[in-house]
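Everything below concerns the one structure shown next.
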Amino acid sequence: MYLGQVIGTCVATKKVDGLTGVRLLVVQPMNRKWKPVGNCQVAADAVQAGPGDKVYLVGSNEASKAFENSFIPVDAAIVGHVDSVDLLEEDSK
Amino acid sequence: MYLGQVIGTCVATKKVDGLTGVRLLVVQPMNRKWKPVGNCQVAADAVQAGPGDKVYLVGSNEASKAFENSFIPVDAAIVGHVDSVDLLEEDSK
Amino acid sequence: MYLGQVIGTCVATKKVDGLTGVRLLVVQPMNRKWKPVGNCQVAADAVQAGPGDKVYLVGSNEASKAFENSFIPVDAAIVGHVDSVDLLEEDSK
Amino acid sequence: MYLGQVIGTCVATKKVDGLTGVRLLVVQPMNRKWKPVGNCQVAADAVQAGPGDKVYLVGSNEASKAFENSFIPVDAAIVGHVDSVDLLEEDSK
Amino acid sequence: MYLGQVIGTCVATKKVDGLTGVRLLVVQPMNRKWKPVGNCQVAADAVQAGPGDKVYLVGSNEASKAFENSFIPVDAAIVGHVDSVDLLEEDSK
């Protein structure tokens, strides 16, 4: 899994049936110091996250397991809110 | 999932049986400011997209779930048209 | 899926049982302008491709779906010959 | 699989049901000389690892196989403690 | 699949039950000219490979298919010994 921050929403009215009712958020992956790393992603939201929230995500075909109907085509899902990341002293510098 | 723009089509008459009738488009992955990022991909189209369309895609083995016959060898599928991407103010700069 | 060109063959007499009879080719991934991008891969051939052929490949665990016996350990398969890639004018420059 | 070192913990009280009771650690991937490489990851712990421990991890949807209930949405799991990595002489320089 | 060379072994006495009896080797991915590319990996050995051997590997959840008990958490497996890689003349330069 990886850390990320919700930076926006993706509006998509025309999509495959399997994604009906799935909320899509734009997420920026973050590193341990909470700096952006890599490209943004479109992730399905399983924990009522919103823009600005710090979250962690699961990728690959594990993402669909976060939803009741696991036969949906998603490869990135927001599965938790991050309260805090506690690092070893030498790694938090 | 990730954002992308359809930039062309891929003509392939000789292919494995499982891909018969599957429409293949060439897609350029995009970042949140809709600038190209990374290499193009060949994606199976599940939402009647065409060259120039802004779309989002799903990868890995979730891609085949976008099709009625999910036992097809595709690892990238166009699953929705992007109407708009709404970003937090500080992220849209 | 991604574009590639067959650049050679991989001779491997000692391998796991599941790969008996599977033809292994060395493939260079290509971008939309048909320039090499990234590292070569060893791919299982499902469409009688040969050195020099322009092809497209499928990765991850979708690759094995290209074969009759899908319980084989392959994560890259050549699934089609590319006749042509037709790009939008501004993208073909 | 890849080598890594546990550098901290991730506190997340609000998460999907499937992750209840799963311990989440922050892990830095390492190279063969045990230098950091790439971005940190959030991994589920299957071997009672703790901050500072040298471990190896499994990714993709193999990660969930490390747990009794394999229907959980995790794509990175700590599956072993590394006692030592023994390299060929020319590779350990 | 990708080319690699076994560069060492990984000693790990404390690991998840599913990995009992699985031999773990450290492998350096190689390019077509057999030069190192990218970071080392820890791979499960399915073909009695040893340090120095030239091999090819399979990744993702295809890796576990190389073993009799396919319900093991491995995402990289050595599935064959490379006798030779025969490249087109222009690609072998």
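Chains as they are written, first to last, in the numbering used here: chain A, 35 to 127; chain B, 35 to 127; chain C, 35 to 127; chain D, 35 to 127; chain E, 35 to 127. Beta carbons: idealized from backbone N, C-alpha and C, even for Gly.
Item: What residue range is occupied by the uninterrupted beta strand (DSSP E) comprising Thr43(E)?; Value: 36 to 45
Item: Where DSSP assigns a beta bridge to Gly114(D), which residues make up the other side?; Value: Tyr90(D), Lys49(E)
Item: Whole angstroms are fine: how far does the CA of Tyr90(A) sit from the CA of His115(A)?; Value: 6 Å
Item: Helix or strand or just coil, what does DSSP make of Asn80(A)?; Value: According to the sequence displayed, residue 80(A) carries Ala and not Asn. Coil at Ala80(A), not helix or strand.
Item: If I follow the unbroken beta strand (DSSP E) through Val61(B), where does it start and stop?; Value: 58 to 63
Item: Which residues, in order along the stretch 85 to 107 of chain A, keep a beta-carbon less than 9 Å from a beta-carbon of chain B?; Value: Pro85, Gly86, Gly93, Ser94, Asn95, Ala97, Ser98, Phe105, Ile106, Pro107
Item: By the criterion of Cβ-Cβ separation under 8 Å, what are the contact partners of Val76(E) in chain D?; Value: Met35, Tyr36, Leu37, Tyr90
Item: My guess is that Gly86(C) and Leu122(E) are in contact by the Cβ rule of under 8 Å, so how many angstroms apart are they, rounded?; Value: 6 Å
Item: When Cβ atoms are compared, which residues of the stretch 54 to 73 of chain B fall closer than 7 Å to chain A?; Value: Asn65, Arg66, Val71
Item: For chain C, find out if any of its Cβ atoms is closer than 7 Å to the Cβ of Ala83(E); answer yes or no.; Value: no
Item: Just to confirm my understanding: we take Gly52(B), look at its own chain, exclude 5 residues before and 5 after, and list those with CB closer than 6 Å. What are they?; Value: Ile106, Pro107
Item: Kindly say whether Ala111(C), judged by its beta-carbon, lies nearer than 7 Å to any beta-carbon of chain E.; Value: no
Item: For chain E, find out if any of its Cβ atoms is closer than 7 Å to the Cβ of Val116(D); answer yes or no.; Value: yes
Item: By the criterion of Cβ-Cβ separation under 9 Å, what are the contact partners of Asp120(E) in chain C?; Value: Gly42, Thr43, Cys44, Val45, Val60, Pro85
Item: Is Ser104(B) closer than 7 Å to Asp94(C) when the C-beta atoms are compared?; Value: First, the amino acid is wrong: residue 94(C) is Ser here, not Asp. Not closer than 7 Å, so no.
Item: Measure the CB-CB distance between Val113(E) and Val50(C) and report whether it falls below 7 Å.; Value: yes
Item: Taking C-alpha atoms, which residue in Lys69(B), Gly72(B), Val60(B), Tyr36(B) lies nearest to Val119(C)?; Value: Val60(B)
Item: Out of Lys88(B), Trp68(B), Thr47(B), point me to the one whose CA is closest to Phe58(B)'s CA.; Value: The residue you asked about is not Phe; residue 58(B) is Leu in the sequence shown. Checking every option, the nearest Cα to that of Leu58(B) belongs to Thr47(B).
Item: Quick check: what's the CA-CA separation for Val56(B) versus Thr54(D)?; Value: 40 Å
Item: Do Val40(C) and Asp117(E) have their beta-carbon atoms positioned less than 7 Å apart in this structure?; Value: no
Item: Candidates Ala97(B), Phe101(B), Ala100(B), Gly38(B): which alpha carbon is nearest Trp68(B)'s?; Value: Gly38(B)
Item: Straight-line CA distance for Tyr36(E) to Lys88(C)?; Value: 19 Å
Item: Quick check on Glu131(D): buried or exposed, where buried means 16 or more other Cβ atoms within 10 Å of its Cβ?; Value: Past the edges of chain D, shown from 35 to 127, lies residue 131(D), and the structure says nothing about it.
Item: Could you please give me the residues that DSSP links to Pro70(E) through a beta bridge?; Value: Met64(E)
Item: For Gly5(E), count the other beta carbons within 10 Å of its own beta carbon; 16 or more makes it buried, fewer makes it exposed. Which is it?; Value: There is simply no residue 5(E) to check, as chain E begins at 35 and stops at 127 in what is shown.
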